[in-house]
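Asks: Those protein sequence lines, which keep their order, are chains V and W.
So the first sequence is numbered by our numbering: it starts at 1247 and just counts up by one.
So the second sequence is numbered by our numbering: it starts at 280 and just counts up by one.
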Amino acid sequence: MRVRFRVNDRSVEIEVEARRLLVQALREDLGLTGTKVGCETTTCGSCTVLFDGEPVKSCTVLAVQAQDAEVTTIEGVSPGASLSPVQEAFKREHGLQCGFCTPGMVMSVVALLERCPSPDEEAIKEALEGNICRCTGYVGIRRAVRHAAGLLRGESPPIEAGRNVEEPLARHAVGSIDIGGDDDIEVV
Amino acid sequence: MFGRPLSRSEDAGLLSGSARFLDDLEVAQNALHLAVLRSPFAHARVELPESASEAGRRLVLPSDIAHLTWDHLLPGPPPRAPLAGDLARYAGQPVAAVIGKDAAQAMDALEHLEVDFEALPAAVELTDALSPDAPLVYEEMGSNIVWHDASSADPGLFDGVDHVITRTFRNPRLAPGMLECRGVVAVPDRGRITVHVGHQNPHKLQGELCSIFGFEADQVRVKVPEVGGAFGAKAPLYPEYVLCVWAALELGQPVKYLERRSENLAVTTHGRGQVQRVRLGAAADGTLRALRVEIDADFGAAADIQRWCVVLTRRMLSGAYRIPRIEWLIRGVLTHTPPVGAFRGAGRPEATYLIERAMDELARELSTDPAELRRRNFIPQEEFPYDTGTGIAYDSGAYGTALDVALKQIGYEKARDSSSGDALRGVGLASYVEMSAGGEEYADVALESSGDVVVLTGTLPHGQGHDTTWSQLVAEQLGLPVDRVRVVHGDTAIVPRGGGTSGSRSAVLGGTAVHLAAIRVANQLRRMAAERLEAAPGDIRLQDGCAFVVGTDIGVDLVELVEDNGAPVAAEEVFAGGAQNFPFGTHACVVEVDVNTGEIQVVDYVEVDDCGRVINPLVVEGQLHGGTLQGISHALFEAVRFDQAGQLLTGNLTTYPLPSIRHAPEVRCMRTETPSPINPMGLKGVGESGVTGATPAIANAVYDALAPLGIGEEDLTMPFTPDRVWTAIRETG
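Here it is as structure tokens:
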């Protein structure tokens, strides 16, 4: 079957089997490998894209359902070299580690902040509970959402990474350490 | 740059979707697909068809690959081969494989395979496997007990000890649940093979494949792209890797295996799975006198990895405490389930759970405050290095400080104040000691004529931010901006040797190797500049890409020195770090149990962790956050479950729930810094600390909350899911 739709502001037309999933079409037919596949039960959210502005799990949408739709993938979030405010916030707040859940997570955050510029805790939970992350414990992600919301509202400029990270409370000295070898020049 | 919480250079590619994981590689997208037929039974005789090939599809049978075994790599129960042969020993074990032009064709072909299975009785639970007439996983072993680690046993161990508690603790089997399932693409090229694989230790895999296939090292290249999480389970040698390499060589085309989530939750190695019988004795004043443990560890159908994990459990039995006498009897038990492996912590969280739960139970017995009991028994700072009597010596620790801060931050005195009849509050502590891997690691640091530095490292990140962190170390020594440093890892054709990333080894071993190599390069540059500027090397400072004579503005660009050299200014280092080091800390939390629904809220969570000196605190904190949520989830939500026939009941993410943001409490992380004396920067590992402290902290809080109802381990064990809590409340009510 032929299906024609728009992806990241570009018109595309592809030939697919009826059973082909949208995520397969995006990754394999259109070469947009940023969107990931992490499960078979619509649970993990790694495949999240925007479909006519709504975050959807593209593993549970058939490619043919995208006829005439506007699809945005992670590749469409920041055309060009620089990062969008949401992506910048994720970077500064260490909202990603292995990065596999990240494209899907970013799409959900983009959608959230578009409809709700000042989300409270419950709104954030509801928007993101369909995106599983196994690395971050979600602390960096929550910080990133708040930071991105601030940026998008035009408030404070990008903040130095790690401002939430505390200094150690106590430092204990343990003697001096001999590294041996023939290079004795003191290190600055 | 040392100690700076820099954001990560890795992030741009990951955030924009341009970074490539295994199935994003072009070679993966165009490869043939290997699909695996797995035994549906936990124990079965297998009869396979004789013929191997149909048009467009290729069947892989044991007879094709009878020569591909790895018994010689590991001692213990044979055989080790990619396919089960005529006897399957766990549900999910590969019995045959099919190669198709794409996933759909390969999977369709699997369904048409005519394979006969004759189900046999299976030993699924530890109790089944240990019973006298248990079905044996390997008949030739004569028993399902394949690992035995025992100290001497003194029947009078507890004689004259005023208070002794006896408890049984259970650590359920867990799935690592990394977001990216396993995948591999084998690409043949005229007698050589390149293996693209999401892996923690490419040099290990290279060695294994050379050994199995009879290759020379330069015939096998292992290349690791971005890895979407591993947690210990992307280190083993899996049968699918061997099958793909064989198939690629046989067919002369790239062959890919991409695990489905249902396969991932079944056969990507689970962790934990111990039953622990514990006796802990103390004097009347609460001073610990003796500990005896008997542990049965579920190995699944192979001992290969778990036997290392249980050694680590034994080594860490002492926890943070001075325990004069410790005895143990640890048995590794085979069951008709998939082989158990190393999962973040790999045996140490189990030991921490054991001792931290026992301390709380002892405190209850003595009517002593659990915090006070801990403080009384902490190993004092002046006793380090401390020999625990379990085969290990701790390097450094300041356990009391971490505890005191955690107690204050959690509001320990008033933590239970809001407890009501329907919403029971409990507070839980865990003062853990972790062990981070010893060994050695390789690095090469080279300043090139472009002014860039190329770092080769034998470690290999799967989310831990090594590129940024190692760049900070190099920038610190060479006085260059971090963005002039490029870190290369994960390619056996470029990096000559390495130990990969696991066991919290990377900063201590890999980072130190990078640090020392960078110092050597810096010293070379100082000597070269000194000669050129007619100064003493000790008077040369490296800053902003130049070498200056201290106190003057006389200097020379580093790039010029490289040009003079006619080659990059480079140094190699193998840092033999030797012994393990011991991160530690205290986690404290408050939980609230709704007695009507069994639901548990984590009301507050505080942790004070100490991993010595820290190169990038932002990265370190991320490791703690992630590990802590895993540990919380292990207590509250997760467990691998099988039915009586050995069928996996938790085979997808709805039955094996990974916590979402809704289940993630806000965790407050604080640090102390007690350097390790055994490496030059004073580093300790941190990757596995969070998960180690969190599970017993939550468990202690839950049992504390339920203590008024008389609920203990005999009534309720992990995971504390609402249905299990609700049932325990009703049944003891």
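Where a beta carbon is used, it is the ideal one built from N, C-alpha and C, also for glycine.
Under 7 angstroms, do V828/W and D836/W count as touching if we go by C-beta distance?
Replies: Not a contact, by the Cβ cut-off of 7 angstroms.
Asks: Which bits of chain V does P896/W rub up against, with CB to CB less than 9 angstroms?
Replies: Neighbours of P896/W on chain V, chain order: G1408, V1411, E1412, E1413, P1414.
Asks: Could you check what DSSP says for N931/W in three-state terms: helix, strand or coil?
Replies: Note: N931/W maps to coil in three-state DSSP.
Asks: Assuming G744/W contacts N895/W under a Cβ cut-off of 8 angstroms, what Cβ separation, rounded to an integer in Å, is found between them?
Replies: That belief holds up - the Cβ atoms of G744/W and N895/W are roughly 7 angstroms apart, short of 8 angstroms.
Asks: To the nearest angstrom, how far is the alpha carbon of N1254/V from that of L1278/V?
Replies: Using only the alpha carbons, I get a separation of about 10 angstroms.
Asks: Can a CB atom of chain W be found closer than 7 angstroms to the CB of Q1333/V?
Replies: Taking Cβ atoms only, chain W reaches closer than 7 angstroms to Q1333/V, which makes this a yes.
Asks: Rounded to the nearest angstrom, how far is the Cβ of G565/W from that of L645/W, given a contact under 8 angstroms?
Replies: So it is a contact: roughly 6 angstroms between Cβ atoms.
Asks: If you check the beta carbons only, do D1002/W and V874/W fall under 7 angstroms apart?
Replies: Going by C-beta atoms, D1002/W is not nearer than 7 angstroms to V874/W.
Asks: Can you pull out the residues from the segment 456–472 of chain W whose beta carbon lies closer than 9 angstroms to at least one beta carbon of chain V?
Replies: Residues G456, M457, L458, E459, C460.
Asks: For N1254/V, which of helix, strand or coil comes out of DSSP?
Replies: Note: N1254/V maps to coil in three-state DSSP.
Asks: For R1418/V, which of D433/W, A681/W, D428/W has the nearest alpha-carbon?
Replies: It should be noted that the sequence gives His, not Arg, for residue 1418/V. Nearest option by C-alpha distance: A681/W.
Asks: Suppose you measure from the CA of R322/W to the CA of T934/W; what does that come to, to the nearest Å?
Replies: Note that residue 322/W is His in the sequence shown, not Arg. Taking the straight line from one Cα to the other gives about 23 angstroms.
Asks: Show which residues of chain V have a CB atom less than 8 angstroms away from the CB atom of S295/W.
Replies: Within chain V, the residues near S295/W are G1280, I1320, E1321, V1323, S1324, L1329, Q1333.
Asks: L788/W and G856/W look like a contact to me (Cβ under 8 angstroms); what is the Cβ gap, rounded to whole Å?
Replies: Contact holds; Cβ gap of about 5 angstroms.
Asks: By DSSP, does Q254/W sit in helix, in strand, or in coil?
Replies: Nothing can be reported for residue 254/W: it is not among the residues displayed for chain W, which extend from 280 to 1012.
Asks: How many whole angstroms separate the CB atoms of A580/W and P617/W, which I take to be in contact at a CB cut-off of 8 angstroms?
Replies: With 8 angstroms as the limit, A580/W and P617/W qualify as a contact, their Cβ atoms being about 7 angstroms apart.
Asks: Is D1429/V helix, strand or coil when you go by DSSP?
Replies: Only weak support exists for where D1429/V lies, its pLDDT of 43 falling under 50; the coordinates are left without a value.
Asks: In the structure shown, what three-state DSSP assignment does V262/W receive?
Replies: Outside the shown range of chain W (280 to 1012) lies residue 262/W, about which nothing can therefore be said.
Asks: Would a check of beta-carbon distances place R540/W closer than 7 angstroms to chain V?
Replies: Yes, its Cβ sits closer than 7 angstroms to a Cβ of chain V.
Asks: With a threshold of 16 other CB atoms inside 10 Å of the CB of K963/W, please say whether the residue is buried or exposed.
Replies: K963/W comes out buried.
Asks: Looking at the secondary structure, which residues open and close the beta strand (DSSP E) in which S710/W lies?
Replies: Where S710/W is concerned, the enclosing beta strand (DSSP E) stretches over 702–712.
Asks: For W426/W, name the three-state secondary structure that DSSP assigns.
Replies: The answer is strand: DSSP assigns W426/W an E or B state.
Asks: In three-state DSSP terms, what is Q822/W?
Replies: Strand, per DSSP.
Asks: Alpha carbon to alpha carbon, what distance is there between V1355/V and R299/W?
Replies: Roughly 22 angstroms separates the two Cα atoms.
Asks: Below 8 angstroms on the Cβ atoms is my guess for V800/W versus A754/W; work out the distance and round it to an integer in Å.
Replies: 12 angstroms between Cβ atoms; not a contact.
Asks: Just how far apart, CA to CA, sit I472/W and G910/W?
Replies: Rounded to whole angstroms, I472/W to G910/W spans 39 angstroms at the Cα level.
Asks: For the beta strand (DSSP E) that P319/W lies in, which residues bound it at each end?
Replies: It is not in any beta strand (DSSP E) - P319/W carries neither H nor E in the DSSP assignment.
Asks: On the three-state DSSP scale, how would you describe W349/W?
Replies: DSSP places W349/W in coil when its eight states are reduced to three.
Asks: State buried or exposed for A563/W, treating a residue as buried only when at least 16 other CB atoms are found within 10 Å of its CB.
Replies: Counting Cβ neighbours within 10 Å, A563/W comes out exposed, since fewer than 16 surround it.
Asks: Counting only C-beta atoms, is G335/W closer than 7 angstroms to chain V at any point?
Replies: At G335/W the pLDDT is 48, less than 50, meaning the model places this residue with poor confidence; the figure from the coordinates comes in the next sentence. Answer no: the Cβ-Cβ gap between G335/W and chain V never drops below 7 angstroms.
Asks: Measure from the C-beta of G964/W to each C-beta in chain V and report whether the shortest distance is under 7 angstroms.
Replies: With 7 angstroms as the cut-off, G964/W does not count as an interface residue toward chain V.
Asks: Cutting at 6 angstroms between CB atoms, please list the residues of its own chain near G335/W, excluding the five before and the five after it.
Replies: At G335/W, the pLDDT of 48 sits below 50, so the modelled position is not reliable; the number obtained from the coordinates is stated separately. Result list for G335/W: empty, nothing under 6 angstroms.
Asks: On the DSSP bridge assignment, give the partners of A398/W in chain order.
Replies: In the DSSP output, where bridge partners are listed per residue, A398/W has A323/W.
Asks: Under 7 angstroms, Cβ to Cβ, is there at least one residue of chain A near T1382/V?
Replies: Structure shown: chain A not included; protein chains present are V and W.
Asks: So that I know if they touch, is there some Cβ in chain V lying closer than 7 angstroms to that of R784/W?
Replies: With 7 angstroms as the cut-off, R784/W does not count as an interface residue toward chain V.
Asks: Please go through the segment 820–901 of chain W and give each complete alpha helix (DSSP H) segment of 4 or more residues, from N-terminal end onward.
Replies: The segment 820–901 of chain W contains these whole alpha helix (DSSP H) runs: 837–844.
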